[in-house]
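Below: the structure, in structure tokens.
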Amino acid sequence: MTLVPYHLKIDGNYYSLSYVHPSESEAQEDVQSRDEPAVIRLLELDDDVYGVYTFAEAQEEEIEGADLSDYSADTRNIVDTVISLFDEISDDQEIAWYKPLEPTHIADAIEAVTWKQSIPTVGGSLISELIRSHGLPNANHRTSIAFFELYTRTFYTFSDAPQTNHGDDWATWANEYIRESKRILTVRRKAALFSFLQSLGATGVRRKNDVVISFETYPLDVAAPWAYYADEHEHIWTEFATDYLQRAGASELLTQNDDGKRVFASRL
779 MTLVPYHLKI DGNYYSLSYV HPSESEAQED VQSRDEPAVI RLLELDDDVY GVYTFAEAQE
839 EEIEGADLSD YSADTRNIVD TVISLFDEIS DDQEIAWYKP LEPTHIADAI EAVTWKQSIP
899 TVGGSLISEL IRSHGLPNAN HRTSIAFFEL YTRTFYTFSD APQTNHGDDW ATWANEYIRE
959 SKRILTVRRK AALFSFLQSL GATGVRRKND VVISFETYPL DVAAPWAYYA DEHEHIWTEF
1019 ATDYLQRAGA SELLTQNDDG KRVFASRL
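Residue 779 is where the sequence shown starts when you use our numbering, and the numbers rise one by one after that.
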């Protein structure tokens, strides 16, 4: 396989591939035009090209009093819960912020969910929408899973609460879904760039932690990659929600319908 590095680790920080240029001079102009730190690397494919890798510096910038007045009280209540879960995870794991907290993005994610379907369907949609909204400064996956776990506990009392955010078999199992989710979202964002790399002979890219994205496994010639991979993303998180309930001994919830956003918000 001819794999292009998607991430570079430089001085302990991960830079990600943002653009590819046919000449080094064009790559240099690109780097000089950017505000964020960036480096250039030669990519030796069928033709030599130059990748520009960028790094998002950590920045903690809270949005004070975000205006959510256009959203329902139920949605605002749920947004507050998501942010509270993020704060707990952030404090516990000392997570760096790479962008501002954006409550309206979280609210849009909640509004995009179609409620009153089966619990795994609604739960998978909640996780997928929250992750794709990227409303949190970091830990979007961990916070979204924690929110799903809270969601399920409004329907069921678990005798042995699973811990997907800690180093046990539950965390190992959940991490497989997180890695797959990141592969899908990377392809979704970078489909055009990856198509160009593929035309030059690349067979895939390698993310940090040796996570490989094969262009054979994740096709780039679909009609609408942005929509296609959004559907794929929701599918894997619905599968996660189903697996979660089965592993947790709550199989009776698999066929039970969610009773709506308003009822859920009232139980929080």
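Glycine included, each C-beta is placed from N, C-alpha and C at the ideal position.
Every value quoted in this text rests on a predicted model; they were computed, and no experiment measured them.
Given this structure, state the Cα-to-Cα distance separating residue i from residue j, to the nearest angstrom.
{"i": "alanine 844", "j": "threonine 882", "result": "8 Å"}
{"i": "tryptophan 792", "j": "glutamate 889", "result": "Checking the sequence shown, residue 792 turns out to be tyrosine, not tryptophan. About 33 Å."}
{"i": "threonine 1016", "j": "glycine 979", "result": "34 Å"}
{"i": "valine 989", "j": "arginine 957", "result": "8 Å"}
{"i": "tyrosine 996", "j": "serine 803", "result": "32 Å"}
{"i": "serine 1047", "j": "alanine 887", "result": "Residue 1047 lies beyond the residue range present for the chain, which begins at 779 and ends at 1046; the question has no answer from this structure."}
{"i": "isoleucine 788", "j": "arginine 920", "result": "25 Å"}
{"i": "arginine 778", "j": "glutamate 822", "result": "Here the chain comprises residues numbered 779 to 1046, so residue 778 is not present and cannot be evaluated."}
{"i": "isoleucine 1014", "j": "aspartate 865", "result": "26 Å"}
{"i": "arginine 961", "j": "asparagine 953", "result": "12 Å"}
{"i": "glutamine 871", "j": "asparagine 918", "result": "13 Å"}
{"i": "threonine 950", "j": "leucine 1023", "result": "16 Å"}
{"i": "leucine 794", "j": "alanine 1008", "result": "Note that residue 794 is serine in the sequence shown, not leucine. Cα-Cα distance, rounded: 21 Å."}
Report all residues from its chain with a CB closer than 8 Å to the CB of residue i; omit the five preceding and five following residues, and keep chain order.
{"i": "arginine 967", "result": "none"}
{"i": "threonine 964", "result": "Tyr784, Val983, Arg985, Ile991"}
With residue i as the anchor, note down where its beta strand (DSSP E) starts and where it stops.
{"i": "isoleucine 991", "result": "989-992"}
{"i": "lysine 787", "result": "785-788"}
{"i": "isoleucine 1047", "result": "With the chain covering 779 to 1046 only, the question about residue 1047 has no answer from this structure."}
{"i": "serine 794", "result": "791-799"}
{"i": "tyrosine 828", "result": "826-832"}
{"i": "arginine 985", "result": "982-985"}
Determine, using beta carbons only, whether residue i and residue j come nearer to each other than 7 Å.
{"i": "tyrosine 831", "j": "alanine 805", "result": "no"}
{"i": "leucine 781", "j": "arginine 984", "result": "yes"}
{"i": "leucine 1031", "j": "phenylalanine 926", "result": "no"}
{"i": "tryptophan 875", "j": "proline 915", "result": "yes"}
{"i": "serine 903", "j": "asparagine 1035", "result": "no"}
{"i": "isoleucine 861", "j": "alanine 1043", "result": "no"}
{"i": "phenylalanine 974", "j": "leucine 998", "result": "no"}
{"i": "leucine 846", "j": "alanine 885", "result": "yes"}
{"i": "aspartate 813", "j": "tyrosine 797", "result": "no"}
{"i": "serine 911", "j": "glutamate 1012", "result": "no"}
Looking at the secondary structure, which residues open and close the alpha helix (DSSP H) in which residue i lies?
{"i": "valine 860", "result": "851-871"}
{"i": "valine 965", "result": "947-977"}
{"i": "aspartate 1021", "result": "1003-1025"}
{"i": "alanine 1043", "result": "1039-1045"}
{"i": "alanine 805", "result": "802-811"}
Residues in the same chain with beta-carbon distance under 7 Å from residue i, minus the five sequence neighbours each way, listed in chain order, please.
{"i": "arginine 1040", "result": "Asp852"}
{"i": "threonine 1020", "result": "Pro898, Leu1032"}
{"i": "tryptophan 1004", "result": "Arg966"}
{"i": "aspartate 826", "result": "Leu820"}
Starting from the C-beta of residue i, find all residues in its chain whose C-beta is less than 6 Å away, skip the five residues before and the five after it, and write them out in chain order.
{"i": "leucine 863", "result": "Thr921, Ala924, Phe925"}
{"i": "phenylalanine 1018", "result": "Tyr955"}
4-residue-minimum alpha helix (DSSP H) runs that sit fully inside the stretch 887-935, ordered along the chain:
Counting only unbroken stretches of 4 or more residues, the alpha helix (DSSP H) elements lying wholly within the stretch 887-935 are 897-911, 918-931, in sequence order.
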